[in-house]
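Colleague: Shown below is the structure under consideration.
Residue numbers (the UniProt record's numbering): 1 to 272.
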């Protein structure tokens, strides 16, 4: 087993300005981790761990992914060869494939554990692997905390929403919300699919989104039903508060994900 921790803990800084005090509360504690020899890749079977310890006033860990390149999942979305697993949490059973330039939130309970371990397991399949990410400790009194259950939390007027293995098959064993905060002086949001074909989860998997095409009630996409409200044209919907998208995928070993796509879309909040 390789101990792959790559750097010491430090506070967020900006040139000449010292510590960044997020939300005027306190600086966030940030650590960086990477694969052996990064940015070079490696091709071997091994187990590599990164363990982050934190104090009792920490409620969340934000994971900012620069790049994670592991071998892709099976056609069922399972990570049988390479995998990244987490010692606590329910949002992702394991992840694999290629993920670049996005973020994820882990809820932690210091009454249960004062550490969070990230375990990379690589198999015998020939593949060029590497990873690098940052971990930010978010204290329980910080306004920057994501709402409970949010695996991703977007807090800018516009952005790009993409999940694990965003350019490939969507993964099994996911259970989390994608949350978009309402910004000041905005009254609607425009969503646009980045792909030609809309997201189509397989039977028993569910993607619930805020608004369907013709009414104001939440709606779900299941069982080969396309995520039609974004495709083929962009959709603008009212913005009275945060928008929540819920993704729940099973660990079924029979469903074929090759007929589906993955979540990959933009949002823009429009001023009133």
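Beta carbons are placed, not taken as given, at the ideal position from N, Cα and C, and that holds for glycine.
Could you compute how far the alpha carbon of residue 158 sits from the alpha carbon of residue 87?
Modeller: By 1-based counting over the chain shown, the position of residue 158 is 158. By 1-based counting over the chain shown, the position of residue 87 is 87. Residue 158 and residue 87: Cα-Cα distance of roughly 32 angstroms.
Colleague: Could you round the C-beta distance between residue 131 and residue 35 to whole angstroms and report it? I think they count as a contact, below 8 angstroms.
Modeller: Counted from its first residue, the chain shown places residue 131 at position 131. Counted from its first residue, the chain shown places residue 35 at position 35. 5 angstroms between Cβ atoms; contact.
Colleague: Could you check the C-alpha separation between residue 111 and residue 58 for me, to the nearest Å?
Modeller: Position 111 of the chain shown, counting from 1, holds the residue named residue 111. Position 58 of the chain shown, counting from 1, holds the residue named residue 58. One C-alpha to the other measures close to 11 angstroms.
Colleague: Can at least three beta-carbon pairs, one atom from the segment 40-54 and one from the segment 113-131, be found at a separation below 8 angstroms?
Modeller: These segments touch.
Colleague: Three Cβ pairs or more, each shorter than 8 angstroms: is that satisfied between the segment 177-196 and the segment 250-270?
Modeller: The segment 177-196 vs the segment 250-270: in contact.
Colleague: Which residue's Cα is closest to the Cα of residue 203: 253, 161, 179, 84?
Modeller: On the chain shown, residue 203 is found 203 positions in, with the first residue counted as 1. Minimum Cα distance to residue 203 is reached at 253.
Colleague: Tell me, please, which residues DSSP counts as bridged to residue 144.
Modeller: Numbered from its first residue, the chain shown carries residue 144 at position 144. Residue 144 pairs with nothing; no bridge assigned.
Colleague: Straight-line CA distance for residue 60 to residue 141?
Modeller: Looking up residue 60 in the chain shown gives position 60. Looking up residue 141 in the chain shown gives position 141. Going from the Cα of residue 60 to the Cα of residue 141 covers about 11 angstroms.
Colleague: Excluding sequence positions up to five away, which residues of its chain have a Cβ less than 6 angstroms from the Cβ of residue 121?
Modeller: Position 121 of the chain shown, counting from 1, holds the residue named residue 121. Correct list, in chain order: 47, 83.
Colleague: For residue 136 and residue 255, what's the separation of their Cα atoms in angstroms?
Modeller: Residue numbering aside, residue 136 sits at position 136 when the chain shown is read from its first letter. Residue numbering aside, residue 255 sits at position 255 when the chain shown is read from its first letter. Each residue's Cα considered, the two are about 36 angstroms apart.
Colleague: Using DSSP with H/G/I as helix, E/B as strand and the rest coil, what is residue 259?
Modeller: Sequence index remark: in the chain shown, residue 259 carries index 259 (1-based). Helix.
Colleague: Between the alpha carbons of residue 162 and residue 99, how many angstroms are there, rounded?
Modeller: Within the chain shown, numbered from 1, the residue matching residue 162 stands at position 162. Within the chain shown, numbered from 1, the residue matching residue 99 stands at position 99. Going by the C-alpha atoms only, they are around 9 angstroms apart.
Colleague: Going by DSSP, which residues form a beta bridge with residue 264?
Modeller: The count along the chain shown starts at 1 and reaches residue 264 at position 264. According to DSSP, which records beta bridges pairwise, residue 264 is partnered with 162.
Colleague: Rounded to whole angstroms, what's the CA-CA distance from residue 91 to residue 55? Just pull it up for me.
Modeller: In the chain shown, the residue the question calls residue 91 occupies position 91. In the chain shown, the residue the question calls residue 55 occupies position 55. The straight-line gap from Cα to Cα measures roughly 22 angstroms.
Colleague: Can you pull the DSSP bridge partners for residue 187?
Modeller: As a first step, residue 187 must be located in the chain shown, where it is residue number 187. According to DSSP, residue 187 bridges with nothing at all.
Colleague: Identify whether residue 43 lies in helix, strand or coil by the three-state DSSP scheme.
Modeller: The residue given as residue 43 occupies position 43 in the chain shown. It is coil, neither helix nor strand.
Colleague: With a CB to CB cut of under 6 angstroms and the five nearest residues on each side skipped, what residues in its chain are close to residue 182?
Modeller: Counted from its first residue, the chain shown places residue 182 at position 182. The residues are 239, 241, 242.
Colleague: Where does residue 70 sit, in a helix, a strand or coil, going by DSSP?
Modeller: Here residue 70 refers to the residue found at position 70 of the chain shown. In the structure shown, residue 70 sits in coil (DSSP, three-state: anything other than H, G, I, E or B).
Colleague: If you drop the 5 nearest sequence neighbours on each side, which residues of the same chain put their C-beta closer than 6 angstroms to that of residue 160?
Modeller: By one-based count along the chain shown, residue 160 stands at place 160. So the qualifying residues of the chain are 266.
Colleague: For the candidate residues 153, 103, 200, 107, whose alpha-carbon lies nearest to that of residue 133?
Modeller: Working through the chain shown from its first residue, we reach residue 133 at position 133. With distances taken between Cα atoms, residue 133 lies closest to 103.
Colleague: Quick check on this structure: which residue in 89, 79, 235 has the alpha carbon closest to the alpha carbon of residue 95?
Modeller: The count along the chain shown starts at 1 and reaches residue 95 at position 95. Nearest C-alpha to residue 95: 79.
Colleague: Spell out the partners DSSP gives residue 244 in its beta bridges.
Modeller: In the chain shown, counting from the first residue as 1, residue 244 sits at position 244. 179, per the DSSP bridge assignment.
Colleague: Check residue 270 in the structure and name its three-state DSSP category.
Modeller: One-based indexing of the chain shown puts residue 270 at position 270. If DSSP states are grouped into helix, strand and coil, residue 270 belongs with the strands.
Colleague: So, are the CB atoms of residue 49 and residue 118 less than 8 angstroms apart?
Modeller: For the purposes of this step, residue 49 is identified with residue 49 of the chain shown, where counting begins at 1. For the purposes of this step, residue 118 is identified with residue 118 of the chain shown, where counting begins at 1. Yes; because the gap between Cβ atoms is below 8 angstroms, this pair is in contact.
Colleague: Roughly how many angstroms lie between the CA atoms of residue 153 and residue 97, to the nearest whole one?
Modeller: As a first step, residue 153 is located in the chain shown; it is residue number 153 there, counting from the start. As a first step, residue 97 is located in the chain shown; it is residue number 97 there, counting from the start. Taking the straight line from one Cα to the other gives about 22 angstroms.
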